[in-house]
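Read the structure below first, then the notes.
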Amino acid sequence: MNKIGEKSIVRKANESDTSQILAVMKDAEQSGFMLFAPDERNMAPAALSKLINSINQTPTSGFFIAEHQDEILGYLLLKAETLSRTSHRAQIAVGVHSKSRGKGVGTALFAHMIQWAKQGQLHRLELTVIEHNEQAVHLYKKMGFEVEGVKSNSLLIDGQYVNELYMAKLL
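Numbering (the numbering used here), first residue to last: 1 to 171.
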């Protein structure tokens, strides 16, 4: 299997990445495993540019992308909490283009983000994942995340209630 993730460059996103990131988001949402339903996200490029700038200006947050030969393969958004009692933790949202799944892109994004997060003041990384998204659950466990709980019937996908797993990693 071609592990394109090993050849990809992971870096912080910038405004010039906006159109490619939106394309990856749109593709990832077709999987049925994302919070947004297919074609439900209606984010203008200017709004994403503003989000990227806002996230990347926060010392404990980052909007990362994995790219190979100038093509964005996936993104990872790490958003730290801002209250004093919760500022040691951050939420994660991630998406990988369908043609790049299973090729190490998610691993590359998480490895980079974890190394970056360890250099700051973060102590806890959190995410939720649809329980039956086995490929993602496997990735998160491989990267050291543990299941902390289940959000029963938390999402309605194609007329079916599905569970989300709460997962976290302590740094």
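Note that CB positions come from ideal geometry on N, CA and C, so glycine has one too.
Test item: CB-CB of residue i and residue j under 8 Å
i      : j      : result
Tyr75  : Gly95  : yes
Arg11  : Phe63  : no
Gln121 : Thr60  : yes
Ala168 : Phe33  : no
Ile4   : Ala13  : no
His138 : Ala28  : no
Leu77  : Lys118 : no
Asn133 : Lys151 : no
Lys26  : Ile55  : no
Glu67  : Leu73  : yes
Sheet register partners of residue i (DSSP bridge)
i      : result
Thr128 : Tyr166
Val147 : Met167
Leu155 : Val162
Ile9   : Glu67
Buried versus exposed, by CB contacts within 10 Å (16 or more), residue i
i      : result
Leu165 : buried
Ser8   : buried
Thr18  : buried
Ser100 : buried
Ile157 : exposed
Gly149 : exposed
Leu48  : buried
Tyr140 : buried
Gly159 : exposed
Ser16  : exposed
Leu83  : exposed
Leu109 : buried
For residue i, the first and last residue of its enclosing beta strand (DSSP E)
i      : result
Asn53  : Premise fails: Asn53 lies in the alpha helix (DSSP H), Pro45 to Asn56, not in any beta strand (DSSP E).
Phe33  : Phe33 -> no beta strand (DSSP E), and no H or E assigned at all.
Gln135 : Where Gln135 is concerned, there is no enclosing beta strand (DSSP E), although the alpha helix (DSSP H) it sits in stretches over Glu134 to Lys142.
Leu73  : Glu71 to Ala80
Gln91  : Arg89 to Val96
Glu67  : Gly62 to His68
Element boundaries [alpha helix (DSSP H), containing residue i]
i      : result
Glu15  : Segment: none, Glu15 is in no alpha helix (DSSP H) and carries neither H nor E.
Gly106 : Val105 to Lys118
CB contact check: residue i to chain C, cutoff 8 Å
i      : result
Gln119 : In the structure shown, chain C does not exist; there is a single protein chain.
Taking 8 Å as the cut-off, does the segment 80 to 92 touch the segment 117 to 134 (at least 3 CB pairs, one atom from each stretch)?
With a cut-off of 8 Å, the segment 80 to 92 and the segment 117 to 134 count as touching, because enough Cβ pairs lie within range.
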